[in-house]
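Enquirer: Protein chains in written order, with our numbering: chain A, 1 to 607; chain B, 608 to 862. C-beta atoms are modelled at their ideal positions from N, C-alpha and C, and glycine is treated no differently. The structure's right below; bear with me while I get my questions together.
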Amino acid sequence: MNRPRHMKTGTRLAIFGLFVALVTLTLAGFDQFGVFAAESESAVDAAASTGYGPAPKLTADDYPTIAGVNSRVAVWVFAQLHLWFAAFVLAVPIFVFIIEAIGMRTRDKRYDDMAYEFIKVTITAYSLTAILGGLLIFALILFYPHLITYLSTIFKESMFYYALLFFAESAVLYIYYYGWHWLQGGFKKWVHLTLGLMLNAVGTTLMLLANAWLTFMMSPAGVDAAGVFSGDAWAAIHNFLWNPINIHRFVANIAFGGSIVGAYAAFKFLTATAEKERAHYDWMGYNANFIAICALLPLPFAGYYLAAEIYAYSQQMGITLMGGIFAWLFIIQAVLIGTLFLSANYYLWCGMGRSDGAKRYTKYIKYIAIVLVGAFLVWFTPHTLVLTNEELKSLGGPHHTILGPLGIMPAKNTAVNLMILFTALSFMFYRRANKIATVSWVKAGNAVQVALYSAGIVNIMFLGIYHGYFTNTVYKVAASIPQVLTTLVIMVVSITLDSFIYRGAKEVGPLRWGRIPARAQYALFLLAVSFTWLMGLMGYIRSGIRQHWHVLDIMRDASPDAFTPTLGYAANVVSVAAIIFMAMVIFVFWIAQVGSNKTLPAGYWKE
Amino acid sequence: MKIPRLLQAVLILAGVYFGFIVVFDVLLDAVIPSSLLAMYMFFVTAGVFMVFTYDEDQTRELVAPIKAMVEDPSKRVWRNTVFVIVPLVVGVGTYQQMQPSFQAPVELRTIHPAPPTTAMIYGKRVKLLELENPFRKLEKEDPEQFGELVNEGAVVYIENCQFCHGDKLDGKGPYAAGLNPTPLNFQDVGTIAQLQESYLFWRISTGGPGLPKEAAPWISSMPVWQDFLEEDEIWKVILFLYDYTGHRPRSWEHE
């Protein structure tokens, strides 16, 4: 009965085997590309002492072309699609591991079933990740051979082990997935959970290695000014932006993965015909949204840390990023992040309909909405405005005296902290909706909660306004840390306090899973689409701030595509890639569903 | 009398819209740009409809008049009127939007062009990341001499810069109205307060022609001041810009 599954596994393993072999062969073949002439005397000396050559100085002739193919767009789209799928397949095992552990602790089989369903969606996506990775490496070798040669001389070890790690990743993933029902109960379950941990360890290592290559291109280390490699591979890996990117990607992947499985649950909810099925997928969607929100809340801080580090590494890249040509994409980013917060909150508010006790809290929703929308407007107000000539004349310049100050980071940080706090408040109300506290100190507990939120909000506003506008830049940047800490302290303390207040609480009634309007499911779709688009646009910016450099200040891009495209063009490329990704994701959802369909062709088989 | 929910939503949106106009255009005398107002209203509308539709009963109440208008046979006159008026309004709006006008198209302008890593200034190749104001250390070491340098910077500013950037450093000099884009307002927290002194030195020394090719076309009428001023004079002017506005140059070290 299991034969078809084994055959699928075989096919997938074959694809991976092929991919890994290709990568390995390719890397082995790089040595044949030759050594590039050193131009400066010092570079020659350095090259002689280390045995490595300087970064090649290229001309337009060094970039092979294929008629009718735009090499930059090809690499761009393959890289982006590969990254989306990679983010998804790296993230899902993280929360599958956690959900499985929760299931083991609570002995609630629903968690185990949900974790299995999540990993089932990942399995097809994993194949697509590898296929797209193969396409990316082929495209790089075909169109940018000198770049990939240079990078592979520096990262040869890590690239080789990266390829080998794919074997480990594939092996652990398949045992983890196909062994799910086999490794159940007692010791076997612990073995299964350990496999989940191993899967995450290998997956995260893969991500860290790939991050090293791309951050090297932004903040090269372990090489001199001519690009001569010192031979210290760790220095090249542990470059200035490696850890900021690692942290940001790790958190963002979880949020993204949560949103994609949330979309899967929404898709299943909307297509479900039975009440029980609707209830199951409603519960699944809620959990996926919860995961996405949990990762979304710290994400702006990780992003801010990354941007601050980029600025610290290179004023040029920093200004290009947020004050220069990419600043307008940041406005789109702000709009999309705000959309994420609004969608996540809307889903929670709609979800309150599952409880009969929610009426006690729904009266506060309008106030939460006012703060969220107000903070959102501040969050995306640009510093330099798009003005008509009449408006320009009337204002006397491109800066608005009242709205201009909202365009810089202190206002944005204050706004995003408030958005995070009020999203946490929405979640707290959602949790309380179906409960009646029975402890005697409930009023005092609530008063402490109100005081905590009020004091925290005052502190965030003070830090944002005073330190943001009346002190110098170093304090402006530094003030963001106590702002974040204030938000985190409020969230942790209030959730802890709430769990004590509602210890032994009465339930108003059973939670009616499935009693949620269909439009709430579209909020889950919006979450997934916004995340996808956001990652594409911000990924382009991260890569684009190098401008005409393959490796910043070391290896110049001499291809005909070395210019920065217009924002509209870039947004179109990312949008088309996002549509392709969404189409592939729908295929993944569909194929996950097909596995459980059965046809009994009467009279076809011999009895 | 209870106001129908659809009307409530419309009234709230109208209130917010006119609220923005009254507050900014009338009370504060700082017109709210139409592009920004459109963005604001889009998300205010999203917020209003989120609040009005998270609950099933409330949603039904909200859409009931629309549903009745479309489905109720007794509302035929209403329906036909609305079905004629709405496309007409949209059509007229679109026509007016698409009509050619004498208004120059709006353009996105980024206020801080990214500096190059190195630049040729006064015949030397300087690394902007490592460049520091040679007089900045005197602020602590010899405040009196520092004060004199600021005053000298003020003289250079008044003799050369104020015609465009204004005697209050607010970008409203006598020539400002003739320039597009208008000169920068240094009092604004988003200009020199965000930048390192080396950036100002590069921008002043190399002017509009020194802006990076990679990010062309830049429009800037800033002269190449290294052709007219001494290197020290530019550093002194930078001291004055920060001193007068009360901003501090961007730095990475706590003082």
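Near V844 of chain B, which residues of its chain fall below 6 Å by C-beta distance, leaving aside the five closest residues on each side in sequence?
Expert: Same-chain partners within the cutoff: G760, V763 and Y764.
Enquirer: Spatial neighbours of V77 of chain A within its chain, please: CB distance less than 8 Å, with the 5 preceding and 5 following residues excluded, ordered by chain position.
Expert: Counting only Cβ-Cβ distances below 8 Å, and skipping sequence neighbours, we find V573, V576, A577 and I580.
Enquirer: Just to confirm, is the Cβ distance from V796 of chain B to P405 of chain A under 7 Å?
Expert: Yes, these two residues count as a Cβ contact at 7 Å.
Enquirer: Return the CA-CA distance between G853 of chain B and D282 of chain A, expressed in angstroms with no decimal places.
Expert: Going from the Cα of G853 of chain B to the Cα of D282 of chain A covers about 56 Å.
Enquirer: Go to K734 of chain B, then tell me how far its beta strand (DSSP E) extends in each direction, as first and last residue.
Expert: First-last of the beta strand (DSSP E) with K734 of chain B: K731 to K734.
Enquirer: Using a Cβ cut-off of 8 Å, which residues of the stretch 611-631 of chain B contact any Cβ in chain C, in chain order?
Expert: The structure shown has no chain C; the protein chains it does contain are A and B.
Enquirer: For I436 of chain A, which residues does DSSP report across the bridge?
Expert: In DSSP, I436 of chain A forms a bridge with A:K506.
Enquirer: If the cut-off is 9 Å on Cβ atoms, which residues from the stretch 376-400 of chain A count as contacting chain B, listed in chain order?
Expert: From the stretch 376-400 of chain A, only F376, L377, F380, T381, P382, H383, T384, L385, V386, L387, T388, N389, E390, E391, L392, K393, S394, L395, G396, G397, P398, H399 and H400 have a Cβ closer than 9 Å to chain B.
Enquirer: If we call anything under 7 Å between Cβ atoms a contact, is F155 of chain A one with W213 of chain A?
Expert: Taking 7 Å as the Cβ cut-off, F155 of chain A and W213 of chain A qualify as a contacting pair.
Enquirer: If you draw a straight line from the alpha carbon of L395 of chain A to that of Q794 of chain B, how long is it in whole angstroms?
Expert: Spanning the two alpha carbons is a distance of roughly 15 Å.
Enquirer: Which residues in chain A have a C-beta closer than 9 Å to the C-beta of Q710 of chain B? List them in chain order.
Expert: What Q710 of chain B touches in chain A: T388, N389 and E390.
Enquirer: Look at L183 of chain A and P93 of chain A and say whether their C-beta atoms are less than 7 Å apart.
Expert: No, these two residues do not count as a Cβ contact at 7 Å.
Enquirer: Mind listing the chain B neighbours of P244 of chain A? Cutoff is C-beta to C-beta under 7 Å, in chain order.
Expert: Going along chain B, no residue has its Cβ under 7 Å from P244 of chain A, so there is no contact; the nearest lies around 15 Å.
Enquirer: Per DSSP, what kind of secondary structure is G853 of chain B in: helix, strand or coil?
Expert: Coil, per DSSP.
Enquirer: Anything in chain A within Cβ reach of P788 of chain B, meaning under 7 Å, just list it in chain order.
Expert: Those within 7 Å of P788 of chain B in chain A are P398.
Enquirer: Name the DSSP beta bridge partners of T725 of chain B, please?
Expert: Per DSSP, B:K734.
Enquirer: Threshold first: 3 residues or longer. Then list the beta strand (DSSP E) segments lying entirely within the stretch 438-506 of chain A, N to C.
Expert: The qualifying runs do not exist here; there are none.
Enquirer: Mind pulling the chain B residues with CB within less than 7 Å of V373 of chain A?
Expert: Per Cβ cutoff of 7 Å: F650, V651 and G654.
Enquirer: Checking the sheet assignment: what are the DSSP bridge partners for M555 of chain A?
Expert: Looking at the DSSP assignment, M555 of chain A forms a beta bridge with A:V551.
Enquirer: If we define contact as Cβ-Cβ less than 7 Å, is G814 of chain B a contact residue for chain A?
Expert: Chain A contact via Cβ: absent.
Enquirer: Would you please verify whether the beta carbon of T724 of chain B is less than 7 Å from any beta carbon of chain A?
Expert: Chain A contact via Cβ: present.
Enquirer: Buried or exposed, going by whether 16 or more other CB atoms sit within 10 Å of the CB of I541 of chain A?
Expert: By the 10 Å Cβ count, I541 of chain A comes out buried.
Enquirer: Counting C-beta neighbours from all protein chains within 10 Å, is the total for P56 of chain A 16 or more, i.e. buried, or is it exposed?
Expert: Under this definition P56 of chain A is a buried residue.
Enquirer: Is the beta carbon of E391 of chain A closer than 7 Å to that of P707 of chain B?
Expert: Contact flag unset, no.
Enquirer: Let me check one thing: in DSSP terms, what residues is V223 of chain A bridge-paired to?
Expert: Answer is A:F229, bridged to V223 of chain A.
Enquirer: So the alpha helix (DSSP H) W283 of chain A belongs to, where does it begin and stop?
Expert: Where W283 of chain A is concerned, the enclosing alpha helix (DSSP H) stretches over E275 to L296.
Enquirer: Would you give the residue range spanned by the alpha helix (DSSP H) that W180 of chain A belongs to?
Expert: Premise fails: W180 of chain A is in no alpha helix (DSSP H) and is neither H nor E.
Enquirer: Does any residue of chain A bring its CB to less than 7 Å from the CB of M606 of chain B?
Expert: There is no way to answer for residue 606 of chain B, as the model of chain B reaches only from 608 to 862.
Enquirer: Report back the beta-carbon spacing between S494 of chain A and Q449 of chain A to the nearest angstrom; my notes put them in contact at under 8 Å.
Expert: That pair is a contact at about 6 Å.
Enquirer: Going by Cα to Cα distance, which pick from A:G374, A:H399 and A:N389 is closest to P382 of chain A?
Expert: Looking at the Cα atoms, A:H399 is the closest of the given residues.
Enquirer: Could you tell me the distance, in whole angstroms, from the CA atom of A444 of chain A to the CA atom of I501 of chain A?
Expert: Their backbone Cα atoms lie some 10 Å apart in a straight line.
Enquirer: For a test of the three-state rule: what should DSSP assign to F216 of chain A, helix, strand or coil?
Expert: Here F216 of chain A sits in helix by DSSP.
Enquirer: Note down, in chain order, each residue of its chain lying with its Cβ closer than 6 Å to the Cβ of W349 of chain A, except the 5 sequence neighbours on either side.
Expert: Contacts found: I365.
Enquirer: Would you call H181 of chain A buried or exposed, if buried means 16 or more other Cβ atoms sit within 10 Å of its Cβ?
Expert: When all chains shown are included, H181 of chain A counts as exposed.
Enquirer: Would you say V261 of chain A and A288 of chain A are within 7 Å of each other, going by their C-beta atoms?
Expert: Contact flag set, yes.
Enquirer: How long is the line joining the alpha carbons of Y604 of chain A and M114 of chain A, rounded to whole angstroms?
Expert: The alpha-carbon atoms of Y604 of chain A and M114 of chain A are separated by roughly 36 Å.
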